[in-house]
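In what follows, a single structure is set out as structure tokens and then discussed.
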Amino acid sequence: MGVAMERDGDERVRPEEELAALDRRFADELRAEQAAYEELAATDRLRRRDLGDVALELVHRGDKVAVTIGAATYAGVLVHAAGDLACLRTAVADVDLNLSAGPLLRVVETVRSGGSPSRRGARSFKARLREHEALSSSVELGGAALPDGLRARVAAVATDHVLALDPAGATWIVPLVGLAYVAASRG
């Protein structure tokens with residue numbers, strides 16, 4: 065049997081009730097403090113990511129994204145990401161993105177299931193360019209140096225530039241720093 069304690073005049077409180085109320089208040093404060101720490105930790109994780117980390121996360125989630133590079137916008141699903149490379153599959157083309165060129169990524173649809181596990185593929189944008197060189201197929205090159213895009217064949221990938229041959233036979237020397245994407249038509 066608990067002993068009643070007098071508080072502020074006639075009001076009587078049992079010690080176990082007061083202790084239970086203190087326990088609830090302490091638990092509420094502890095939950096609020098834990099939530100604040102979890103929010104800080106989540107913010108810290110976001111601050112440490114780079115664009116390659118974001119692209120890889122989008123590959124795993126399978127979200128539909130829109131990628132804007134200058135005046136061009138491509139929409140699809142990221143299917144591969146490594147280093148400064150992200151590969152976007154659209155309805156009509158496979159677009160290899162140079163993340164160092166600063167493309168704008170926007171999630172247009174979050175999917176509940178899907179995505180892709182990490183897979184083998186080029187480890188950098190330059191390595192992917194070398195794959196295009198080996199295939200010797202026609203692609204569209206675009207970016208700051210080529211705002212309207214250039215339909216050409218990648219003839220050689222050099223240290224800091226790409227040698228491209230257009231259908232008319234002209235040789236283009238495109239600096240890698242100005243090259244934001246390579247799009248290869250599918251089908």
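Just so we're aligned, residue 65 is where the sequence shown starts under this note's numbering, counting upward by one.
Just so you know, even glycine gets a beta-carbon here, dropped at the ideal spot from N, CA and C.
Assignment of Val-221 by DSSP, reduced to helix, strand and coil, places it in the strand class. Annotation for Ala-209: Val-238, Pro-239, Gly-242, Leu-243 place their beta carbon closer than 7 Å to its own, counting only its chain and skipping 5 residues before and after. When the alpha-carbon of Ala-146 is set against those of Val-226, Asp-114, Ser-249, the nearest one is in Asp-114. In the assembly as shown, Leu-83 is an exposed residue. Its beta-carbon has fewer than 16 other beta-carbons within 10 Å. When only Cα atoms are considered, Pro-167 and Asp-230 end up about 24 Å apart.
Checking the DSSP bridge columns, you'll see Leu-161 partnered with Ala-150, Tyr-245. Under DSSP, Val-226 takes part in a beta bridge, and its partners are Val-221, Val-238. A distance of 8 Å or more separates the beta carbons of Asp-117 and Thr-174.
In this structure, Val-123 sits near Ser-180, with a CB-CB distance shorter than 8 Å. Phe-189 is the residue among Phe-189, Glu-121, Ser-201 whose C-alpha sits nearest the C-alpha of Asp-224. Inter-residue distance for Arg-192 and Leu-149 is about 8 Å (C-alpha atoms, whole angstroms). Take the alpha-carbon of Thr-235 and the one of Ala-228: they are about 6 Å apart.
Around Ser-164, the same chain offers Asp-148 as residues with beta carbons nearer than 6 Å, after the five sequence neighbours per side are excluded. Non-local beta-carbon contacts of Val-171 in its own chain, meaning distances under 6 Å to residues more than five positions away in sequence, involve Asp-127, Val-129 in chain order.
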